[in-house]
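The structure under discussion appears below in the form of structure tokens.
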Amino acid sequence: MSQSERMFLEALEKYKQRTKKDLTKEPFIAEFEKCKTAGDVMKILEEPVNEFIDRQEKGKVKGGLMRLLNRMVDVLLALHLNETLGEGIGLVWGPGKAVIGAVVVLLETIRGVRKSYMMHTDILEDVSNFIIRLEVYSKHTISPEMREIMVKILVEVMSILGLAAEQIRYGCFTVAQSHPEKYVKTFLRDSTVEEAFKKLNHLTSVGTGMTSTESLSVLYDLVRGLGLLMQDLQIPITAIRTGLDRLDGSMANIETDVIEMNRNDMVSNCRKWLSPPDPSTDHNAALNLHHEGTATWFTEGEIMREWIIVGSLLWVYGKPGSGKTVLCSMIIDALLCDRLLSNSMVAFFYCDFRDSSKQDISGLLFHLLLDISAQSSDCTKILSDLYSSHGMGSRRPSGHELQKCLEKMLNISTNRPLYIVVDALDECPDSGIKSPRDRMLKLIKDILGLCLSNVHICITSRPEPGIAEALRPLSSQSIAIDKSFEHSADIAKYVKSALDTDAGFSSWSEDDKSLVVETLSEKASGTIRWVVHQLDILRGCPPACIENLSLHLDEAYGNKACCDEWLSPPDPSKNYDLALKFRHEGTATWFTEGEMMQEWKLTRPLLWVHGKRRYPWVDLHLPIALTEILLAGSGKTILCSAIIESLLRDHSPPNSVVTYFYCDFRDLTKQDVDDLLSRLLTDMSAKSIDCAKILYGLYSTHGKGLRRPTTASLKECLRKMLHASRRRLVYIIIDALDECPNTQIESPRNRMLKLIQDILGLCLSNVHICITSRPEPGIAEALRRLNPQSIAVDKSFEHSADIAKYVKSALDTDAGFSSWSEDDKSLVVETLSEKANGIFRWVSCQLHILRDCSPAHIKSALHTLPMTLDETYDRILDGIERNAVEHVLKLFHCLTVCRRPLSIQELAEVLAVDSASDIPKLKVEWRYKDPKATVLDMCSALVVMHPDTNLVQFAHFSVQEYLLSDRLASKSLKKFHIREQNAHVVIAKACLGVLLHWQIPTRAQAEDPITYADTHSPLARYSAEYWTEHASIEGVSGTIQKAMEMFFDPSDRGTHTPPQLQ
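Heads up: the sequence shown begins at 1 in our numbering, then just goes up one per residue.
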């Protein structure tokens, strides 16, 4: 048996384990037994090819597909004939038949998907290209390491063919029949298929690095030449010398490849160790905002050319909204384009007020070290030394060590230009003595203090006093872009392009457009963000309004800002962004691209998306109290985010208005109808000058913001806006209506339902509302009377397929499942998908439980899975370490009643407060070194942290609901049951403990100096703002009486103020 045959047999067996498909037992395989030549094989393949190709297109494409397949068959046959000349494929080359068989399976499966021809021929072309590469490897003996890699590659080749067939058979067959273009789109987006191609590309590149095709061929020819020479055959000695020279060059290439591989591996290890923030997301977003043809005045101008050659520090500054970040992205882009020509290195970083990891010197240093080391082998060695000196990444480096490492890199790279670009320095916090912003400025000064002529730094920011004072003495070049004539010209270009290309301005005359270009360019004062806002407002104006353009601009912009500040609506974008992050790629498209959503968007006024409420296996003759156990977690919020994303993408102004709201049990400002109305009014006024006028009218009638509006006046304002928007499609999406409290007759939930009823009562055909909720009785009764278009997502077959995709992806990508076999993973996918009953939350919890399960115990674990969410939460609570229960209870109490979401640092600070006595005390020595890991590990799968904001919340509404429920109070785990009054006591004590920390240092410092040595507490601001709200809850003040007396006792009041409150 040949080397390649053995490789194929092993790959075939692994493919069988992965896909449950034995290719050798397919019916057509027997026909290959009679084949002697490639032509015989092609005759067999002709039938499935004919069935695959549309009759009308047969003449056009059959030849191309047959040539592609013939190429593959020729190579497979040649592989065999290298060793066994004259024998047919069918006799000895079973694995080769299996590869061809996999192609036939794919062709037969997709015979009805005519328009996907190009996609599938691409797949076949990828496979054939690899087979051609394999031919050379099969000529020679290869090492065990190379053999292992080749087997893995073959597994991925077969996997890609099998996945393509499975996509049609199980996921997309119906869609492929009626909408082939949707099938192609779905297949290409499928994460499993995408991952298989990624693995194939990665493994192929590793194979090339270990031993190149050229080197193998050279080595074979050399050995053969030496052998013939020893047999006295006439092989010229010059040929052998030529071969040796070629081998020497090839081995040098191999050595270079291996060195590069090792360097890449080290950079990868360090990236995992340092976990730097990724500024490329900010960079790409800024590039997308760039208008073609703008910014070239700077990137090709004298200031930048001078900075690139001799400048040390370039400072680009301007007022808010002047386009600094977009200009910065173009500077970076220009540097990256010139990098190869100039042999330079480029590293960039975007500070971001929305991302705490991009607001401090640590994030900047982490990224700079990784970015620079990836471009220099010498710098990689320096970073490798830092990694090794910290226990091969087992310990984190200090800020001082990081900076010293960077300085070493800069000093060793003096032969290459190095450009460091940092955007939006002003978005780093400026609070405290050593604020993140001051630390950033100090680092810049230190780098420039090295006096390295090859290092060039560019900073963009607003010209705030502290930044200006620090940078002006250091800057060799600076520019205020909002005062630049060229920047104003860019604004004019942008406005003209928007007016010419946006359909909202199609009815305007050229004179009208010219007037807008002139007026906006003149009034912008370099602020492009202001211009964008004006265009949004003007988009809804008829041409007749252009005469009063100046009046509209001044009033609309100023008035809207006043109205927004007056209403102060909650921001649902945080919920939306978080839901998108948790959404698994490729899911929910069955709904957003399906008939139901298309029908709702065009003709139906109300769409109700609801999830399962009752257990399907419960005996309906049992008491109602048992049959109506709430069951949440079917993924409604994730689906809602997909609906919103689809609408925002497909329905932009001026013809449509999309506004959304997320009800949130964790946020008191997102639970009542006034909050919803405020959001709707501000959203609609931002997209229409008529709506902006209506809102300003409401503002004016309430003393220009001196009095708060009533619910009735807000409703009336909305009614006027909806009538004024009759020529536009208006989409209103409200998620998680069931998270609004329902504790009284005029409850927030009932007020929400009444508003929905009132809007639909206007009978406006252009208004479409989407509601998601659990089908609780009150909600179901109210909405069904409105004759909604409705769907129970947990009962949808496509939703179940989404769950299976999610499980498979988790098993393939999470390191906790890396030791599992493909059979075990397939069993888990099948079991969880079957038992989930449409509940994503249940599946997520089971994966958490199974994550560290050894392969030997997988089957038994699956047999004992909890059947319900309650049982799942019981098991998680029971698994909490006994010595951690007290701390976990503290955290749960705080999360239940906190007045705003708490950050991971604030929550961890609660654990540093000793609440055992009547006077709570903040104990600095009780603080955890790693708050994030501690809190998340303690609370298991019951809490999650927002990756950008570090805010912590219960993983799902159902968690808090269960902890507060009487169901838990009656169980053996009743110690975890939470009473709201007790929860307010816990957080009130924590707040007072922090505040008293600054009130009594003069008396207590001498007794307990360690406790009062630290003057910083993450919980200080929350404590100062909200402790009285917690204390005012009935029954709380009596419990914390002594602590309050001490807090208000002048004799105990110190003069020290927490730095957060200064």
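Where a beta carbon is used, it is the ideal one built from N, C-alpha and C, also for glycine. A quick note: this is a predicted structure, and the numbers were derived from the prediction, not measured.
Annotation: the continuous alpha helix (DSSP H) that includes Ala1020 extends over 1020-1031. In the structure shown, Leu313 falls within a strand segment according to DSSP collapsed to helix, strand and coil. In the DSSP annotation of this structure, the continuous segment of the beta strand (DSSP E) that includes His610 starts and ends at 606-610.
Beyond the five residues adjoining it in sequence on each side, Ala804 comes within less than 7 Å, by CB distance, of Val829, Ser833 in the same chain, given in chain order. In this structure, the straight-line span from the alpha carbon of Val516 to that of Phe505 is close to 11 Å. Under the 8 Å Cβ criterion, the stretch 443-459 does not count as touching the stretch 276-285, having fewer than three qualifying pairs.
For the options Ala503, Asn264, Asn950, Trp307, the alpha carbon positioned closest to that of Leu902 is the one of Asn950.
A residue is called buried when at least 16 other Cβ atoms come within 10 angstroms of its Cβ; Arg728 meets this threshold and is buried. DSSP, reduced to helix, strand and coil, places Cys763 outside both helices and strands of the structure shown, so it counts as coil. Taking each of Phe366, Asn655, Asp802 in turn and checking the Cα distance to Ala724, the smallest one comes out for Asn655. Distance from the CA atom of Ala503 to the CA atom of Met330, rounded to whole angstroms, is 28 Å. When the five nearest sequence neighbours on each side are left out, the beta carbons in the same chain lying within less than 7 Å of the beta carbon of Asp282 are those of Tyr350, Asp352, in order along the chain.
If you look at Met684, you'll find it in the alpha helix (DSSP H) that goes 673-685. Checking the DSSP bridge columns, you'll see Leu951 partnered with Ser903. Setting aside the 5 residues that flank it on each side, Thr1039 is surrounded in the same chain by Val985, each with a C-beta closer than 7 Å to its C-beta; the list follows chain order. For Ser478, the uninterrupted beta strand (DSSP E) segment begins and ends at 477-480. For Tyr928, the closest of Ala792, Asn50, Val910 by C-alpha to C-alpha distance is Val910. Note on Ile759: 16 or more other CB atoms within 10 angstroms of its CB, so buried under the neighbour-count rule. In this structure Leu722 is in contact with Leu762, their Cβ atoms being roughly 6 Å apart against a cut-off of 8 Å. Under the three-state reduction of DSSP, Asp338 is assigned to helix. With respect to the 8 Å criterion, Met1044 and Ala1031 are classified as neighbours on the basis of their beta carbons. Within the same chain, Gln981, His984 come within 7 Å of Ile1033 by CB-CB distance, once the 5 residues on both sides are set aside. Taking C-alpha positions only, Ser965 is separated from Thr1028 by approximately 26 Å.
Under the DSSP assignment, His723 falls in the alpha helix (DSSP H) whose first and last residues are 711-724. Taking C-beta atoms under 8 Å as the contact rule, Ile769 and Ile779 fail to qualify, at a distance of about 14 Å. A direct Cα-to-Cα measurement between Cys563 and Thr682 gives close to 8 Å. The stretch 293-300 and the stretch 450-462 do not touch, with fewer than three beta-carbon pairs separated by less than 8 Å. When secondary structure is reduced to three states using DSSP, Leu418 falls in the strand class. Ser356 is classed as buried because its beta carbon has at least 16 other beta carbons within 10 Å across all chains shown.
As the crow flies, the alpha-carbon of Asp918 is around 6 Å from that of Lys1042.
The beta-carbon distance between Glu427 and Gln359, rounded to whole angstroms, is 7 Å. This is short enough to meet the 8 Å contact definition. Using a Cβ-Cβ distance cut-off of 8 Å, the stretch 312-328 and the stretch 460-469 are in contact, since at least three pairs of beta carbons, one from each stretch, lie closer than that value. The DSSP assignment places complete alpha helix (DSSP H) segments of no fewer than 4 residues inside the stretch 448-530 at 465-471, 485-501, 510-523, in order along the chain. In this structure His977 touches Ala969 by the C-beta definition: roughly 4 Å separates them, less than 8 Å. Around the C-beta of Ala815, fewer than 16 other C-beta atoms lie within 10 Å, and the residue is accordingly described as exposed. For Ala686 and Ser484, the gap between their C-alpha atoms comes out near 29 Å.
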